[in-house]
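If you're matching them up, the sequences are chains A and B in order.
Letter 117 of the first sequence, counting from 1, is numbered 957 in the numbering used here, and no numbers are missing.
Letter 260 of the second sequence, counting from 1, is numbered 270 in the numbering used here, and no numbers are missing.
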Amino acid sequence: MSTPVITVTHAAVGYDGRPVLRDVSLTVTAGEVVAVLGANGSGKSTLIRAVLGLVPLHAGSVSLFGAPLGRFRQWQRIGYVPQRLGAGGGVPATVREVVASGRLARRGVLRPPGRADRAAVDAALAAVGLADRAGDPVATLSGGQQQRTLIARALAGEPELLVLDEPTAGVDAASQEAFAGALRDFVDGGGTVLLVAHELGPLRPLISRAVVVHHGGIAHDGAVPEPAGHHAEPDHDHVHPHGPDEPVGLWSS
Amino acid sequence: MELFQYPYMQRALIGALVIGLAAPALGIYLVQRRLALIGDGVGHVALTGVGAGLLLNRSPVLVAVVVATLGAVAVELVRARGRTSGDLALALLFYGGIAGGVTLVGLSDATSANLNAYLFGSLTTISPQDLTTILVLGAALLVTMLALRPALFAVCHDEEYARVAGLPVRALNMLLAVGTAVTVTIAMRAVGVLLISALMVVPVATAQQVTRGFRGTMTVAMALGLFAAGSGVWVAANADTAPGASVVLLAIALFLVVAVAGAGWRAVRRRRTKAGPPVAEPPEVVLR
Chain A
841 MSTPVITVTH AAVGYDGRPV LRDVSLTVTA GEVVAVLGAN GSGKSTLIRA VLGLVPLHAG
901 SVSLFGAPLG RFRQWQRIGY VPQRLGAGGG VPATVREVVA SGRLARRGVL RPPGRADRAA
961 VDAALAAVGL ADRAGDPVAT LSGGQQQRTL IARALAGEPE LLVLDEPTAG VDAASQEAFA
1021 GALRDFVDGG GTVLLVAHEL GPLRPLISRA VVVHHGGIAH DGAVPEPAGH HAEPDHDHVH
1081 PHGPDEPVGL WSS
Chain B
11 MELFQYPYMQ RALIGALVIG LAAPALGIYL VQRRLALIGD GVGHVALTGV GAGLLLNRSP
71 VLVAVVVATL GAVAVELVRA RGRTSGDLAL ALLFYGGIAG GVTLVGLSDA TSANLNAYLF
131 GSLTTISPQD LTTILVLGAA LLVTMLALRP ALFAVCHDEE YARVAGLPVR ALNMLLAVGT
191 AVTVTIAMRA VGVLLISALM VVPVATAQQV TRGFRGTMTV AMALGLFAAG SGVWVAANAD
251 TAPGASVVLL AIALFLVVAV AGAGWRAVRR RRTKAGPPVA EPPEVVLR
């Protein structure tokens, strides 16, 4: 078997001394589509942030494509889709400008964009169905369209692994379908996916494995669990208001 | 117009134009990351550099570049750690900077006119040597801000994404901090430390009311900065007003004109779209 894409070994993470994850181990191999499920505050977003090196580990280790996180440099192999677009300071940016950021990991800081970069941005915009909005300011898009902009940004870098943080929370049905379609194309092309979700919706048929995080540990690792109770109702809309994970200060952007 | 035959007026104009072009090119990144007033703070710190320069009989501008850079790097380190106590650390730095500057200027042989020149700008006393400094640093700043726009945009737009994309986030943030210090110091001679932030921020605020993208905003903001600087110096020369304040007042006037015109245009457009026959919404329920 080839090297695992993600290996998490006995990882522990905490904020300000409060433990969020304790002793979590997880392996994702190439071609898998792994959903991390769990209640609000279970630590599922923290898990993928730890995988990406955005929060420090207290104990344990993370490897990406066989390299320890601290020495991993091939970031162009990873496409990250955050929960939502930061508000920023109000300077407008077009959809295309945001998506073009996704090429930076591949082309580096100093090289100006070339034809291949423009073609990849076009392809990513088409993949999420936003080609006609390329010149519009992202702030004028709906929440679902903004979320599609973020997946296009990740796809533009032509990654091997997509890491998505609650990609469908609060997203309208049309955007969820467009999102699922883009993800399906990515998986069909041999991509690996790690995503955090409250619920899977139209993504459900794509998921090959589910990991349930509960009280900072992994409670289940295997088949996608069936929804129970009122969660199983077909029109159950599972949208929660999200508070920020960390304290937001004046100087944190 | 004949005033501009004098070399000192030509230097004033050229210096103002360079600063008018360069300040918004950096300021747009500060606005985007909600640090619009950071230039103000770094300006306070630069004043200590001016005081030290006057006291040690060195070029106040060059000493101020060094001190302001140290101050800006300190601010960036506080910001990057994201501590809630960060604003208090910044307050200490800023007020320490201005108090240190006033004290050091007082200890030197300089007069209060010298201090005023740095607090509020003194375009007409720019020496040929000052102008060279402004031109070289301004050109370096412009080239850097334009050439690294995609990377700086990514870092200011979404810092976490930039980290996952493997960008040298810390180096780019430091670059912005150093760029802020350089802008503050070269603009100090034109508009003074108390008005520097206006040149970095106001043209950006004006531009973003009418633009759709980041590149467009940057281009329009630089054009507005250039226009405000040029016309400000012209007005100051003819009406005998303080050049720095005239430039800033013109930049703010442009902001108001664009804001009012934009609001009016939107109102007209709204009325036009309303003029058509109202389209009835489909009923949500049918009552029998």
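The beta-carbon is built from N, C-alpha and C at its ideal position, and this holds for glycine as well.
Computed from a prediction, not measured in an experiment: that's the story for all the values here.
- Going along chain A in order, which residues have a C-beta closer than 8 Å to the C-beta of His167(B)? By Cβ distance, chain A contributes Gly926, Gly928, Ala933, Val938 and Ser941.
- Item | Span of the alpha helix (DSSP H), counted from its first residue to its last, around Tyr2(B) | Nothing about residue 2(B) can be read from this structure; chain B reaches only from 11 to 298.
- Taking the Cβ atom as the reference point for each residue, do Gly235(B) and Pro253(B) lie within a distance shorter than 7 Å? no
- Report all residues from its chain with a CB closer than 6 Å to the CB of Ala940(A); omit the five preceding and five following residues, and keep chain order. Val961
- Task: Could you name the residues of chain B that Arg862(A) contacts, counting a contact when the two beta carbons are closer than 7 Å?
- Result: Those do not exist, as Arg862(A) stays about 24 Å from chain B at its closest Cβ, beyond 7 Å.
- Endpoints, alpha helix (DSSP H) assigned at Gly983(A): Gly983 to Ala996
- Message: Going residue by residue through the region 904-982 of chain A, where are the continuous beta strand (DSSP E) segments of at least 3 residues, counting only ones entirely within it?
- Response: 918-921
- Message: Please tell me whether Gly893(A) and Leu909(A) are closer than 7 Å, where the distance is taken between their beta carbons.
- Response: yes
- Task: Taking Leu789(A) as the reference, give the member of Leu1034(A), Ser885(A) and His1055(A) with the closest Cα.
- Result: The requested residue 789(A) does not occur in the structure, where chain A is confined to residues 841 to 1093.
- Per-residue contacts from Val961(A) into chain B (C-beta, under 9 Å): Those do not exist, as Val961(A) stays about 11 Å from chain B at its closest Cβ, beyond 9 Å.
- Item | Residue span of the alpha helix (DSSP H) that contains Ala50(B), given as start and end | Correcting the residue identity first, residue 50(B) is Asp in this sequence and not Ala. It spans Ile48 to Leu66 - the alpha helix (DSSP H) in which Asp50(B) sits, taken as one unbroken run.
- Item | Residues near Phe265(B) in its chain [Cβ-Cβ closer than 7 Å; skip 5 each side] | Val212, Ala215 and Thr216
- Message: Which complete alpha helix (DSSP H) runs does the region 255-287 of chain B hold, if anything under 4 residues is left out?
- Response: none
- CA nearest to the CA of Arg173(B), picked from Leu897(A), Leu1001(A) and Gln916(A): Ranking Leu897(A), Leu1001(A) and Gln916(A) by Cα distance to Arg173(B) puts Gln916(A) first.
- Query: In three-state terms, what does DSSP make of Ser901(A)?
  - Reply: strand
- Query: For the region 21-32 of chain B, which residues have a CB atom closer than 7 Å to at least one CB atom of chain A, in sequence order?
  - Reply: none
- Task: Using a cut-off of 8 Å between C-beta atoms, extract the partners of Tyr171(B) located in chain A.
- Result: Tyr920, Pro922, Ser941 and Arg993
- Query: Taking the Cβ atom as the reference point for each residue, do Val71(B) and Thr143(B) lie within a distance shorter than 7 Å?
  - Reply: yes
- Does the pairing of the region 26-44 of chain B with the region 189-204 of chain B give three or more beta-carbon distances under 8 Å? yes
- Message: For a contact defined as C-beta to C-beta under 8 Å, what are the partners of Pro977(A) on chain B?
- Response: Those within 8 Å of Pro977(A) in chain B are Arg222 and Gly223.
- Three-state class that DSSP yields for His1055(A) in the structure shown: coil
- Go ahead and pull the three-state DSSP assignment for Gly242(B). In the three-state DSSP reduction, Gly242(B) falls in the helix class (H, G or I).
- Under a CB-based cut-off of 7 Å, is Leu186(B) close to chain A? no
- Task: Check Gly1062(A) in the structure and name its three-state DSSP category.
- Result: Strand.
- Message: Applying the 10 Å Cβ sphere with the 16-neighbour rule, what's the burial state of Gly242(B)?
- Response: Per the 10 Å Cβ criterion, buried.
- Message: Could you tell me the alpha carbon to alpha carbon distance between Pro1087(A) and Thr154(B), rounded to whole angstroms?
- Response: Residue confidence is low: Pro1087(A) scores 44 on pLDDT, short of 50, so the model does not pin down where it sits. No coordinate-derived value is stated.
- Task: Give the straight-line distance between the Cα atoms of Tyr105(B) and Ala74(B), rounded to the nearest whole angstrom.
- Result: Taking the straight line joining both Cα atoms gives about 16 Å.
- Message: Is Val949(A) close to chain B? Criterion is C-beta to C-beta, closer than 7 Å.
- Response: It does; some Cβ of chain B falls within 7 Å.
- Item | Where the alpha helix (DSSP H) containing Leu185(B) begins and where it ends | That run of the alpha helix (DSSP H) goes Val179 to Val201.
- Message: Run through the DSSP bridge pairs and tell me what Tyr855(A) is partnered with.
- Response: Arg858(A)
- Query: chain A partners of Ile136(B), CB-CB under 7 Å?
  - Reply: Chain A residues near Ile136(B): none, gap ~31 Å exceeds 7 Å.
- Hey, does Leu944(A) have any beta-carbon neighbour from chain B nearer than 7 Å? For Leu944(A), at least one C-beta of chain B is nearer than 7 Å to its own C-beta.
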